[in-house]
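Student:
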Amino acid sequence: MSSYVVTGASRGIGLEFVKQLSANSENKVFALVRSKATATRLEALSRNNITILEADVTDPKALQLAAAEVSKATNNKLDYLINNAGSSTDPGLTLDQFPSPEAVEKDLLDNFKSNTIGVVHTTNAFLPLLKNGSTKKVLTLSSGLGDLEVTVAGEYVGRVSYSISKAALNMVVAKYAAQYKAEGFVFLAICPGGVDTSETSKSEPTAETLKENKMFLSTATKLAPDFKGPITPQESVKMQLDVFNRWTVEETGAFVSHFGNKQWL
1113 MSSYVVTGAS RGIGLEFVKQ LSANSENKVF ALVRSKATAT RLEALSRNNI
1163 TILEADVTDP KALQLAAAEV SKATNNKLDY LINNAGSSTD PGLTLDQFPS
1213 PEAVEKDLLD NFKSNTIGVV HTTNAFLPLL KNGSTKKVLT LSSGLGDLEV
1263 TVAGEYVGRV SYSISKAALN MVVAKYAAQY KAEGFVFLAI CPGGVDTSET
1313 SKSEPTAETL KENKMFLSTA TKLAPDFKGP ITPQESVKMQ LDVFNRWTVE
1363 ETGAFVSHFG NKQWL
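So the sequence shown is numbered by this note's numbering: it starts at 1113 and just counts up by one.
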């Protein structure tokens, strides 16, 4: 039996991770959500091997409580951690278009807190259990938008705070990898590809989000002329798990796509 913790599990890619991992009845999946009250799709799975726990990744105390619950159920062990939770404010602005210095700073900090610091808090909370696990593997969802070369080559000026926070996240993964390689840990940052999560979205896209998506599509067609549009969460998660399962300690700390290379789309 393998044990998994998946953050941001109430919808989208996180929900799909829970679906695919819990399809094997031998797996024990701990699904972390900010609120059980709004995790209706997750609750609807009704599988005995899924345990839903409340914990916001920006709240270290809540994460410690969640880790304690996992510890009770697994005899103080955890095999896999999947850092999926994150956010994007999608203001539709470049760095010099914000209405004030305070506005750009807030946007940067909001994204950094969720996408970068949140992963640090989560990883630290579950590290003691992972050290006792049999696989010691941590998958963290990043983004090709955090790739410096792609940004310049594709002239992508959108999703500024999100992109910056994901670039920083890749360094977080590298730091953990450098520290724990000798203990047999595998840390991997992965881009899920362009994924259509509209089916599990809580609301209609805003005008700002649509503007961001238009900028992204322009860049995508430059870098990947054969890009046919976003893939489904089911396709993305299957490909990510294939990459994650074959990744070795010799390759720890890498940042790759769902293809296992630098092809982001």
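Glycine is no exception: its CB is placed at the ideal position from the N, C-alpha and C atoms.
Suppose the cutoff is 7 angstroms on Cβ atoms and the five residues either side in sequence are ignored; what does the same chain contact list for N1188 look like?
Tutor: The answer, listed in chain order, is L1241 and N1244.
Student: Determine the burial state of K1340: buried for a count of at least 16 other Cβ atoms within 10 Å of its Cβ, exposed for fewer.
Tutor: Label assigned to K1340: exposed.
Student: At which residues does the beta strand (DSSP E) containing E1166 begin and terminate?
Tutor: E1166 -> beta strand (DSSP E) spans I1162 to E1166.
Student: State the DSSP-derived secondary structure class of F1367, mapped to helix, strand or coil.
Tutor: Three-state DSSP puts F1367 in a strand.
Student: Could you please give the first and the last residue of the uninterrupted alpha helix (DSSP H) stretch that includes T1234?
Tutor: Element bounds for T1234: G1230 to N1244.
Student: Count the other C-beta atoms from every protein chain shown that fall within 10 angstroms of the C-beta of T1344, then say buried if there are 16 or more, exposed otherwise.
Tutor: When all chains shown are included, T1344 counts as exposed.
Student: Relative to the C-alpha of Q1352, which residue among K1148, I1194, Q1176 and R1153 is closest?
Tutor: Out of K1148, I1194, Q1176 and R1153, I1194 has the C-alpha closest to the C-alpha of Q1352.
Student: Checking 7 angstroms against the spacing of the C-beta atoms, do L1207 and V1272 come in under that value?
Tutor: Cβ atoms of L1207 and V1272: closer than 7 angstroms.
Student: Give me the residue from G1372, F1367, L1377 and V1349 with the minimum Cα distance to F1129.
Tutor: Minimum Cα distance to F1129 is reached at V1349.
Student: Tell me, which residues are paired with A1301 by DSSP?
Tutor: Per DSSP, T1252 and F1367.
Student: Ignoring anything shorter than 4 residues or poking outside the segment 1127 to 1188, list the alpha helix (DSSP H) runs there in chain order.
Tutor: If we require 4 residues or more, the alpha helix (DSSP H) runs fully inside the segment 1127 to 1188 come out as 1152 to 1155 and 1172 to 1186.
Student: Buried or exposed: which applies to V1169, given that a residue is buried once 16 or more other Cβ atoms fall within 10 Å of its Cβ?
Tutor: Label assigned to V1169: buried.
Student: What span of residues does the alpha helix (DSSP H) with L1260 cover, start to end?
Tutor: Segment L1260 to A1265, the alpha helix (DSSP H) holding L1260.
Student: For the alpha helix (DSSP H) containing I1276, name the first residue and the last one.
Tutor: Looking at the DSSP string, the run of the alpha helix (DSSP H) that includes I1276 is V1272 to Y1292.
Student: Can you tell me which of I1164, K1225, A1174 and L1239 puts its alpha carbon nearest to the alpha carbon of L1281?
Tutor: Checking every option, the nearest Cα to that of L1281 belongs to K1225.
Student: Please report the distance separating the alpha-carbon of A1279 from that of N1136.
Tutor: Between A1279 and N1136, the C-alpha separation is close to 34 angstroms.
Student: Which residue wins for smallest C-alpha separation from V1182, given the options K1131, S1114 and V1298?
Tutor: Checked all of K1131, S1114 and V1298; the closest Cα to V1182 is S1114.
Student: Measuring CB to CB, does G1204 end up less than 7 angstroms from W1376?
Tutor: Contact flag unset, no.
Student: What does a CB cutoff of less than 6 angstroms around V1262 pick up in its chain, not counting 5 residues either side in sequence?
Tutor: Result list for V1262: G1256, in chain order.
Student: Just how far apart, CA to CA, sit N1160 and L1251?
Tutor: Taking the straight line joining both Cα atoms gives about 24 angstroms.
Student: What does Y1116 pair with, by DSSP beta-bridge criteria?
Tutor: According to DSSP, which records beta bridges pairwise, Y1116 is partnered with V1141 and Y1192.
Student: Among A1336, L1127 and A1366, which residue has its Cα nearest to the Cα of N1196?
Tutor: The shortest C-alpha separation from N1196 is found at L1127.
Student: Mark A1301 as exposed unless 16 or more other C-beta atoms lie within 10 angstroms of its C-beta, in which case mark it buried.
Tutor: Flag for A1301 reads buried.
Student: Out of V1264, K1248, A1286 and D1191, point me to the one whose CA is closest to V1298's CA.
Tutor: Checked all of V1264, K1248, A1286 and D1191; the closest Cα to V1298 is K1248.
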